[in-house]
Amino acid sequence: MAFEYVEPATLAGAFDALERGGTDAHVLAGGTALVLLMRMGLVQPAYVVGLRRIEGLREIGISKEGGLDIGALVTHAEIERSALVRRFFAPLAETFGRVASVRIRNQATIGGNLVHADPASDPPPMLIALDAEIVVARRGGVRTIPAAEFFRDVFETALEPGEVVTAIRIPPPVDGTRGAYVKFLPASKDDFATVSVAVTIRLAASGVCEDVRVALGAVATTPLRARRAEEALRGKHVTPEAIDAAAAIVVGDVEPLDDGRGSAGYKREMARVWTRRAITQLISA
Amino acid sequence: MSASTTDSRIHPAIFDSNELRLDGREKVTGEAAYAADFELPGMLQAAFTTSPYAHARIVSIDTERAREVPGVHAVLTGRDIGERRFGRRFFDRPALCVDRALFIGDAIAAVAAETREIAEAAAALVDVEYDELPAVFEPDEALAPGAPVLHEHVDTYYFHAGKRAAVPHPNVQGRRIVLKGNVEEGFARAEHVFEHSFTTPRYHGGYLEPRATVVWIDAQGIVHVVATNKAPFALREQFAICVGVPVGSVRIEPAYIGGDFGGKGLSVDEYPCYFLARATGRPVKYVRTYLEDMRSSTVRHPSRTTIRTGVTRDGYITAMDAKIVFNGGAYAAGKPAPTLLPGLDPKLPYDIPAGRLERTSVYTNTVPGGHMRAPGDVQFIFAVESHIDMIAHELRIDPLEMRLRNAVSGERSDFEDVPYLEPSAREMLEKMREASHWGSPLPSGRGRGIGFGVRHIGGGKAEVTLRAHPSGKIDVITGAAEQGMGILTLLQRVVAAGMELDLERVNVIREAAMTQTPFDPGAGGSRQTHVSGNAALDAVRRLKEQIDANGWPKNGALEVRGVFEAAHGHEAAPHGFCGFVAEVSVDSETGVVEVLDVVCVADVGTILSPVAHRGQLAGGFVMGLGHALTEELRVTEGRVENPSLADYKLPTQVDIPPLRFVNIQDIAGPGPFGAKMAGEINTAAVAPAIANAIAAACGARVTTLPLSAERVLSALRL
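Below, the structure written as structure tokens:
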């Protein structure tokens, strides 16, 4: 497992290094995913570019527009514990607290998590439900990719060669927005989700749903936004029947895989059950 | 029996206080040396080329490119070392395959190089031409007409200390039938006959330390082996036979073992590493990755059990006919029993007036089966204890009451027709009733279930040497491998209690397994406290005699050796009875089972090391909980699908429910000071207790382990 390791001090240095490494180059942030894949022989990089010396990727801040900016190298534990994040939208902090174990959360970064693109990962559904954007830099430019469009397949993202995720930008939720992330763990409580659901919802005083976002994890090769279910609820009274109907729609949108965490059929059904439970839990909170 | 067992039943106060483990400080500070910690000058690292096919003929092997890699010292194939097969009883597993590979992961070539990376790179360059053969993955495929025969020259294999029993099919590893009474007549007497089938999957031991070894040959020709093997004296013999050296020139060096759970009774990589050491003249080390360990060491046998039982309308058993088929995998090497079945004949805590018990293990092209905590019992007790509840349900008899009616007592027994001495089955069931508030109402969606079992207390031979010094101190010399059960601390306590000395005056020394070292059979079969403990007591008796006659030694040390030997199963003896009552809730929409409360009632005799004892019972439960709910080594067409602890889910701290223990200590066992056993007393009864609780909670009967939420949900909808 011999490879060359470089730690540039600037983003420009990282772009140079990535160019030099070409297709054999891998970026190392927290390392919890990459090192594991290397140890299992699934990734054999010739060239590893460590980001940890680069300034400016570790901050959590509020933008002029009131949105939350999280640097790519901020760890899960830092987000989980951040008073700023909790004030901004507490369910976001709680979602990061559901990832793996405290040892992993202390090391793994938000940028690394997203680029790893594990479809069962916890933060992506919540970031999608919050309309987050991924800020991506390359030599001579910066672009943003909506979280819902960032994931392309298992371990595959919309990142182009030479690009580095630098931040995650989350627009301010409209006042009154509630959110929840449910992680269904039918076997060990220390596991990847069999199915996960993130919901944000805003209700009018009348009980009519003004806005809603539903995103699911572990039910397809990428996290999914359940737009048809959202449409079924938007502008309607959120009655148990309406929730049931929306949850039933989700079943047709998911494309789960058979694996050790359940058959495709079971996961489909659990997507319905947990979508219903997540929304029900939120509106009765 | 040579130990003074009568005297030994007086319970000294030393056993009332929690023990301070002799190996505790070394282990928590990281100083303890495990096999992977051994470093020697000039040491090379090994790597292996393994079969990607479940069944293939090896057409040719070209090692030239591998040998040319700088830093490579040797590349060996089965053709280089010849037919070198090893095993615990039956030597059917090759150190390196010669002409056929029988499972994915079978070792084809071995490389020794300056570094692990070089060795792995070279192993990847070994060019093997395979001719893929039809493979069999399940026992019924292996026994079907026209199935490929996995071991064509099985008659040429070595069988240690005895003779292999005849088998009905070339793909059968072992078969044993136990008959008691007139079975036909028993069924004729029955008012109802019930038949049910059960399946259990492969489980991996889940020990923290993957297998590792270092082998070197010194200038005198002595072969030194550092091994993750819990039975070093047995390994010494197996090793000498396999590689063809005198047993006197093999020395198994002491190293701590990071968890065993039965699997580490078999050594695998030690053999090819010996040939690499011999070829290079250097020490050779190999440390498995966890992936390798899960893919190609040994696993608990998957099983299918069918039980037919005749009962009266009041639920009294008149006859039982049980057939168990184990998937033995590619080799029987991991099984020490002469029957080549996992474990001895399993015991039941019930009176079976007439019975037939047929057990068969079958060769398939899958990862080999081996021993794992309560081998055979886990599979059988799940089946029987579920079956009893299913019968009780049909007959509308309370499941605990049905067990009480059949509880073994007096001179009665199960299939083997060998009485249990002082069977505590009824007492245990009454304690379970009391401690679990059995019968008290529960909210809807909750239920209680019972699982009950019994096991022999392991026998065998052990020796312990005591050396009394003029300083007033005593050394205890043992060849036991400390695989975590706490044997070193236990020997210290037994000797201190027997000699009536403070613990500080008793020191325990581990010695390499070699000719002059006191023999130890190793942990396994729940024997170590019983036999090694009694050997220590025998040594105490001998030392006391000498001191009584001549006084404490004044010049030089006084040395005595204690010996103890007892039969291993199949005879009238005290047994360990143990049961659980579990309370669960079931989520009727998801099938998720939550275990809310568990009480374990165990007939354990005198407790000698309270902390280790509690650890054994708690650990035995947690292993059973994993078997019940979360664990399964999934194998598809011979390929292990989840060879990592990220995907093979052992329960972790957050999964463990409130757990209560009721220990029955007033029925003395055969161990020192009346001890019984703990290591394998309770694992098997966990899964049926939970399965029965699920059925009581919601009516869903799951007959396949693990009792996953998905299976519970499917059963709910039947």
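Protein chains in written order, with the numbering used here: chain X, 252 to 536; chain D, 209 to 926.
Built from N, CA and C at the ideal position, the CB exists for glycine as well.
Please read these numbers as outputs of a predicted model, since none were measured by experiment.
I want to see whether chain X comes within less than 9 Å of residue i, judged by CB atoms only; does it?
| i | result |
| --- | --- |
| D:A907 | Checking the displayed sequence, the identity of residue 907 of chain D turns out to be Gly instead of Ala. No, D:G907 lies away from the interface with chain X (no Cβ there is under 9 Å from its Cβ). |
| D:L867 | no |
| D:A859 | According to the sequence displayed, residue 859 of chain D carries Pro and not Ala. Output row for D:P859: interface = yes. |
| D:P914 | yes |
| D:S852 | yes |
| D:D855 | yes |
| D:V830 | no |
| D:E399 | no |
| D:R372 | no |
| D:R496 | no |
| D:D335 | no |
| D:E445 | no |
How about residue i and residue j: are their beta carbons less than 9 Å apart?
| i | j | result |
| --- | --- | --- |
| X:P507 | X:A471 | yes |
| D:M598 | D:H404 | yes |
| X:T451 | X:V459 | no |
| D:T931 | D:L358 | Residue 931 of chain D falls outside the range modelled here, since chain D spans only 209 to 926, and no answer is possible. |
| D:I465 | D:Q691 | yes |
| X:T531 | X:I500 | no |
| X:R389 | X:F254 | no |
| D:A892 | D:V507 | no |
| D:I326 | D:V280 | yes |
| D:L804 | D:R654 | yes |
| X:R512 | X:F443 | yes |
On the three-state DSSP scale, how would you describe residue i?
| i | result |
| --- | --- |
| X:M377 | helix |
| D:P220 | coil |
| X:T451 | strand |
| D:C481 | helix |
| D:F829 | helix |
| D:S922 | helix |
| D:Y365 | coil |
| X:W525 | helix |
| X:H367 | helix |
| D:L927 | There is no way to answer for residue 927 of chain D, as the model of chain D reaches only from 209 to 926. |
| D:S793 | strand |
| D:N850 | coil |
| D:G653 | coil |
| X:L410 | coil |
| X:I419 | strand |
Does any residue of chain D have a CB that is nearer than 9 Å to the CB of residue i?
| i | result |
| --- | --- |
| X:A438 | yes |
| X:V524 | yes |
| X:R290 | yes |
| X:Y517 | yes |
| X:D442 | yes |
| X:S535 | no |
| X:S447 | no |
| X:S372 | no |
| X:G363 | no |
Got a sec, what are the start and stop residues for the alpha helix (DSSP H) residue i sits in?
| i | result |
| --- | --- |
| D:E291 | Neither: D:E291 is in no alpha helix (DSSP H) and is coded neither H nor E. |
| X:D495 | P491 to D504 |
| D:Q381 | It is not in any alpha helix (DSSP H) - D:Q381 instead sits in the beta strand (DSSP E) that spans V380 to K388. |
| D:I430 | Element bounds for D:I430: n/a, residue is neither H nor E. |
| D:D501 | Y498 to S504 |
Bridge partners for residue i per DSSP, in chain order?
| i | result |
| --- | --- |
| D:T514 | D:S405 and D:K531 |
| D:E417 | Paired residue(s): none; D:E417 is not in a bridge. |
| D:N871 | D:A810 |
| D:Q253 | D:A321 and D:K493 |
| D:L565 | D:V386 and D:A530 |
| D:N715 | D:D683 |
| X:P397 | X:E384 |
| X:T360 | X:T326 |
I'd like the span of the beta strand (DSSP E) that includes residue i, first residue to last.
| i | result |
| --- | --- |
| D:V702 | Not the beta strand (DSSP E): D:V702 falls in the alpha helix (DSSP H), residues I695 to M707. |
| X:Y256 | E255 to V257 |
Answer with yes or no whether the minimum CB distance from residue i to chain A is below 9 Å.
| i | result |
| --- | --- |
| X:A253 | Reference to chain A is not applicable here, since the protein chains of this structure are X and D. |
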